[in-house]
Structures are given as C-alpha cells and as structure tokens.
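First residue of the sequence shown: 9, per the numbering used here; consecutive thereafter. One structure is given here, and the rest of the page talks about it.
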Amino acid sequence: MDAIKGLRSAINSKRDEMIELQRALTAVPALGPQNGGEGEWKKAKLLITWLDRLGLGPHELASAPDPRVPEGERPNIIVTLPGQEKQGTFWIMTHMDIVPPGEARLWESDPYTMVINGDRLIGRGVEDNQQSLVASVFAAACVKALGLRPRRTVGLLFVSDEETGSVHGVQHVLKTTRLLGSHDLALVPDSGSPQGDEIEVAEKSIMWLKFTVTGKQCHASTPEKGINAFEAGSHLVVRLGGLRERFAATDRLFSPPTSTFVPTRKETNVPNVNTLPGEDIFYLDSRVLPREDLEQVMQEVGGICAGVERDFGVRVQVEVVQKSSSPPTSPDAPIVATVRNAIRQVYGVEASTIGIGGGTVGAYLRAAGIPTVVWSRIEETAHQPNEYCLVSNMLGDALVMALAMVR
Ligand SMILES: [Zn+2]
Numbered sequence: 009m010d011a012i013k014g015l016r017s018a019i020n021s022k023r024d025e026m027i028e029l030q031r032a033l034t035a036v037p038a039l040g041p042q043n044g045g046e047g048e049w050k051k052a053k054l055l056i057t058w059l060d061r062l063g064l065g066p067h068e069l070a071s072a073p074d075p076r077v078p079e080g081e082r083p084n085i086i087v088t089l090p091g092q093e094k095q096g097t098f099w100i101m102t103h104m105d106i107v108p109p110g111e112a113r114l115w116e117s118d119p120y121t122m123v124i125n126g127d128r129l130i131g132r133g134v135e136d137n138q139q140s141l142v143a144s145v146f147a148a149a150c151v152k153a154l155g156l157r158p159r160r161t162v163g164l165l166f167v168s169d170e171e172t173g174s175v176h177g178v179q180h181v182l183k184t185t186r187l188l189g190s191h192d193l194a195l196v197p198d199s200g201s202p203q204g205d206e207i208e209v210a211e212k213s214i215m216w217l218k219f220t221v222t223g224k225q226c227h228a229s230t231p232e233k234g235i236n237a238f239e240a241g242s243h244l245v246v247r248l249g250g251l252r253e254r255f256a257a258t259d260r261l262f263s264p265p266t267s268t269f270v271p272t273r274k275e276t277n278v279p280n281v282n283t284l285p286g287e288d289i290f291y292l293d294s295r296v297l298p299r300e301d302l303e304q305v306m307q308e309v310g311g312i313c314a315g316v317e318r319d320f321g322v323r324v325q326v327e328v329v330q331k332s333s334s335p336p337t338s339p340d341a342p343i344v345a346t347v348r349n350a351i352r353q354v355y356g357v358e359a360s361t362i363g364i365g366g367g368t369v370g371a372y373l374r375a376a377g378i379p380t381v382v383w384s385r386i387e388e389t390a391h392q393p394n395e396y397c398l399v400s401n402m403l404g405d406a407l408v409m410a411l412a413m414v415r
C-alpha cells in the first residue's frame, strides 16, 4: 500500500476526534504560576487519557518539582513508538501550557470554549501549541494503527513551562533524564508560516544587557557640582551603535542578515525637572549571528563603557540579563530533507531553510547536540485575542509528521 495514501485517509478519518481533543484541551487552561495559573497537570491527565485510548501508552513522566502549583510538580510526558533501528529517536516536541487570554473584551467568544467556524477552530491555545500537539498524537496513532514500523523510534514529548522559560519543561527533561541524546533528531512544530514553507534551522544568539551609569546627583541650576548620568548614558547609547560596525558579518539564512544591537528599555530617573540625575539605567537587546563570539561582544562593550567612564567621570556597570546561544542545525542535515520532502508531498510547496532572531525551545535541543528543525503550517495567531487554527492545517501537519516518522 502507498504509505501516503493510507496515512492520508487514516488521518482524515480522525478529523472529528482531533477536533474533539482540541475542544477538550481548550477547556482545561494550563497556565504557569508566573501567569497566575495552577500549571499543566489537569491538562496532562486529560492528554494521558487520550494517549491510552489511542493505543499510545504506556507513558513516561519526567516531572519537574515546583512548589508553586497544587500538585507540586510540572508534568513532562513522553510516549514512544519503537522503530526498526536501535539507535536514535525522532522526537516531536510540543508544549501543553498556554498564555493568558489577555484583554477579555477583545475576544468575540469565551477563550476556553472552543468555537468552530468553517475550517477555523477558535480559542486560547488552539494554535499555540495544540494544533501541533493534536497533530503529533494522531500522526503517531495512525502510523501505529496501520502497522507501519518507523525506521527510527518515534518519541512524542509533551512539555510544560514553554511560555515562561522552560526551566520546568524541556530544560528539566534534558538535565535530569537520558532520554534525549546526540543520535536523535527533533521536530519542534511551535512556529511557522501560513504556507508552511519555512523550516527554521538556526537562531541568533540572544544577549540582553543592563547598563547602570552612576554619576553624582545635584541641583540642576549648579551642574558643575554633579556628574550627569543621563547625559553620559546618552553618549553611551550612541557609542554602543558602533557594535553594528564592529560585528558587521552577514548571513543570508537570517532576516535581517546581520547581528542587531538595539537599545530598548529605559528606566525612569529623577521625577522632577530641576534635579540633575545621578543614575541612568537602560537596556540593550542584542541578537548575534551564531558565528560571532559573545565573549568578544562583551569585550567590545567593556571597551566602549571604559571610554565613557573616562570621558565623563561616571561609573558604568554592565549586567547580563539574558544570554543564550545554540549551534545551528545544518541546512543539509537529514532531518531537514525528511521534513522538506514530507511538506512537498502534502502541501506541494518547496520549503526553504531560515534562521530567526532567537527565542524558541528548539535552541535547547540544539544546544544538547540534537539536529532540530522548527516548522509548522500555521496562521500565526498565537498569543492574540481570538486565536484560531485551521483544521486543514492540523490534518496536513499530522500527515507531514506521519510521513517523517515512516521515512
Ligand atoms: Zn508555543
């Protein structure tokens, strides 16, 4: 039997069940404690019931302790379909948690009561990340039901805490289990484009810096008695623009193709007009091409700060607020070809590899040495009011995943 024909009709026959699982998941909000929620356990239990019913059990758990939620832990669920080969698992990782609905008046329906409107499912979480979660579940269930033995073992990983830092999610799984290793491959269907033609293989390194400029406060009418931290800080902001010339390499995989250094947040200083500010605090958001060394960026920043200290008599303290980097997955990696072929067969589009500005959970897997692609065909409504997904994308993505499992 032609694998794609059999899989397509198997998945299409599950259409109503997939919508039903979407509805059930939407009705159980899984918000992390930082977002004012009780975590993911209720949603996890529901999912486990479905996994068992679809013949995908037994499951394993790699729960992360978290005293802030009623169960005291955040669940991470793993199910596997044994493959023909011993070594290397093909992982599909999705997340159970959601973000809050945001302003209620912007929603046309209750965010936790899924609405069907033609090809659209509407509700908080239906796209981010339930479209892919449900697709992966039914892809695996159909592969199993058809008796197709995948070459590699297939692993479905359902994680917590994606929206609030992943410390209790994929980071915990990587740190505390030996489930994932460098012989594995991974698909993270948690970002994408409406045509499904972008396979993300690389992220820029992220570095957020906080600058505290300290001078000497005094009355604004006698500036000679103080040192104006705001004025010195303003010169510092302008001089930091020099980073763009110093790290000017380009890589066409990325859009924009260069490293970016952007002054962003500014903390308020003195509340009144007639005080010369003795302290000035601002932040820089840096997205650096993987080929550049973050240590060198820090050295350059240090040199610029020293110049401002010298010229203005201030002290500049630099703190790293956030820093992450991961090696890119090669555009020639087998996982890229596998996913690209499946996309072509299902959607008839030629997907290109891209790099992004950074910030997906794929980076944690790449950092662990696992070739990882981030892909899905989505409407890009995540985190918005009236979030929706297309049933046709959910079915199509399930078929892409099933094909990637059996190839
Ligand atoms: Zn997501």
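Beta carbons are placed, not taken as given, at the ideal position from N, Cα and C, and that holds for glycine.
Practice task
Please name the residue or residues paired with Lys331 in a DSSP beta bridge.
Solution key: Numbered from 1 along the sequence shown, position 323 holds the residue referred to as residue 331. Paired residues: Met215.
Exercise for the section: Using the Cα positions of Asp136 and Val399, report the straight-line distance between them to the nearest angstrom. Expected result: The residue labelled residue 136 in the question sits at position 128 within the sequence shown. The residue labelled residue 399 in the question sits at position 391 within the sequence shown. The alpha-carbon atoms of Asp136 and Val399 are separated by roughly 14 Å.
Practice task
Return yes when the Cβ of Val347 is within less than 7 Å of the Cβ of Val381, no when it is not.
Solution key: Locating residue 381 in the sequence shown gives position 373, counting from the first residue. Locating residue 347 in the sequence shown gives position 339, counting from the first residue. Yes, these two residues count as a Cβ contact at 7 Å.
Practice task
Using the Cα positions of Leu251 and Ala237, report the straight-line distance between them to the nearest angstrom.
Solution key: By one-based count along the sequence shown, residue 251 stands at place 243. By one-based count along the sequence shown, residue 237 stands at place 229. Approximately 22 Å between the Cα atoms of the pair.
Practice task
Spell out the partners DSSP gives Trp99 in its beta bridges.
Solution key: The residue given as residue 99 occupies position 91 in the sequence shown. According to DSSP, Trp99 bridges with Gly163, Ala194.
Practice task
Would you check whether ligand 2 has a heavy atom nearer than 6 Å to the C-beta of Asn137?
Solution key: This structure simply doesn't include ligand 2; it includes ligand 1 instead.
Exercise for the section: May I ask you to report which of helix, strand or coil DSSP gives Gly45? Expected result: As a position in the sequence shown, residue 45 is number 37, starting the count at 1. Residue state, collapsed to three classes: coil.
Practice task
Compute the Euclidean distance between the alpha carbons of Met409 and Pro271, then round it to the nearest angstrom.
Solution key: Locating residue 409 in the sequence shown gives position 401, where the first residue counts as 1. Locating residue 271 in the sequence shown gives position 263, where the first residue counts as 1. Rounded to whole angstroms, Met409 to Pro271 spans 40 Å at the Cα level.
Exercise for the section: Check whether the Cβ atoms of Val328 and Cys313 lie closer than 7 Å to each other. Expected result: Position 320 of the sequence shown holds residue 328. Position 305 of the sequence shown holds residue 313. No, these two residues do not count as a Cβ contact at 7 Å.
Practice task
Sort Tyr120, Pro335, Ile362 by Cα distance to Gly377 and report the nearest one.
Solution key: The sequence position of residue 377 within the sequence shown is 369, counting from 1. Looking at the Cα atoms, Pro335 is the closest of the given residues.
Exercise for the section: Confirm, please, whether the CB-CB distance from Asp105 to Glu170 is below 7 Å. Expected result: As a working mapping, residue 170 is identified with position 162 in the sequence shown. As a working mapping, residue 105 is identified with position 97 in the sequence shown. Yes.
Problem - Ranges of the alpha helix (DSSP H) found wholly within the stretch 107-175, counting only runs of at least 4 - result: 140-153
Handout entry: Closest by C-alpha distance to Pro148, when choosing among Thr230, Gly80, Trp58
Key = As a working note, residue 148 is residue 140 in the sequence shown. The residue you asked about is not Pro; residue 148 is Ala in the sequence shown. For Ala148, the nearest C-alpha among the options comes from Trp58.
Problem - Separation of Asn84 from Asp74, as counted between CA atoms - result: Residue 74 sits at position 66 when you count from the first residue of the sequence shown. Residue 84 sits at position 76 when you count from the first residue of the sequence shown. Rounded to the nearest whole angstrom, the CA to CA distance from Asp74 to Asn84 is 12 Å.
Problem - Environment of Thr102 [buried if 16+ CB atoms lie within 10 Å] - result: Your numbering for residue 102 matches position 94 in the sequence shown. With 16 or more Cβ atoms within 10 Å of its Cβ, Thr102 is classed as buried.
Practice task
Tell me whether the beta-carbon of Glu300 lies closer than 7 Å to the beta-carbon of Phe269.
Solution key: Stepping through the sequence shown from its first residue, residue 300 is reached at position 292. Stepping through the sequence shown from its first residue, residue 269 is reached at position 261. No.
Problem - the stretch 30-43 in contact with the stretch 121-128 per 3-pair CB rule at 8 Å - result: Taking 8 Å as the limit for Cβ pairs, the verdict is that the stretch 121-128 does touch the stretch 30-43.
Practice task
Determine the extent of the beta strand (DSSP E) in which Ile86 is found, giving its start and end residues.
Solution key: Residue mapping note: residue 86 aligns to position 78 of the sequence shown, counting from 1. Note, Ile86: beta strand (DSSP E), 85-89.
Exercise for the section: Tell me whether Val347 sits in a helix, a strand or coil according to DSSP, three-state version. Expected result: Numbered from its first residue, the sequence shown carries residue 347 at position 339. Note: Val347 maps to helix in three-state DSSP.
Problem - Within 7 Å, strictly: CB atoms of Gly96 and Val77 - result: Here the question's residue 96 lines up with position 88 in the sequence shown. Here the question's residue 77 lines up with position 69 in the sequence shown. The answer is no: Cβ separation not under 7 Å.
Exercise for the section: Enumerate in chain order the residues of its own chain whose CB-to-CB distance from Gly40 is below 7 Å, with the five nearest sequence positions on each side excluded. Expected result: Looking up residue 40 in the sequence shown gives position 32. Hits under 7 Å: Gly47, Asp105, Asp169, Glu171, Thr172.
Problem - Own chain partners of Cys397 with C-beta closer than 6 Å, once the 5 adjacent residues on each side are dropped - result: As a first step, residue 397 is located in the sequence shown; it is residue number 389 there, counting from the start. Only Leu129, Val134, Glu135, Gln139 meet the Cβ criterion.
Practice task
Answer yes or no: the CB of Asp198 versus the heavy atoms of ligand 1, is any distance below 6 Å?
Solution key: Numbered from its first residue, the sequence shown carries residue 198 at position 190. Because some heavy atom of ligand 1 lies under 6 Å away, the Cβ of Asp198 counts as near it: yes.
Practice task
Would you tell me roughly how many angstroms separate the C-alpha atoms of Val278 and Gly204, rounded to the nearest one?
Solution key: Counted from its first residue, the sequence shown places residue 278 at position 270. Counted from its first residue, the sequence shown places residue 204 at position 196. So the alpha carbons of these two residues sit roughly 50 Å apart.
Exercise for the section: Determine the direct distance from the alpha carbon of Leu154 to that of Met9, and round the result to whole angstroms. Expected result: Here residue 9 corresponds to residue number 1 of the sequence shown, with the count starting at 1. Here residue 154 corresponds to residue number 146 of the sequence shown, with the count starting at 1. At Met9 the pLDDT is 48, less than 50, meaning the model places this residue with poor confidence; the figure from the coordinates comes in the next sentence. Spanning the two alpha carbons is a distance of roughly 10 Å.
Exercise for the section: Ignoring anything shorter than 3 residues or poking outside the stretch 249-276, list the beta strand (DSSP E) runs there in chain order. Expected result: 268-274
Practice task
My understanding is that Ile86 touches Leu187, with C-beta atoms under 8 Å, so please give their C-beta distance in whole angstroms.
Solution key: Along the sequence shown, one-based indexing puts residue 86 at 78. Along the sequence shown, one-based indexing puts residue 187 at 179. Correct: roughly 6 Å between the Cβ atoms.
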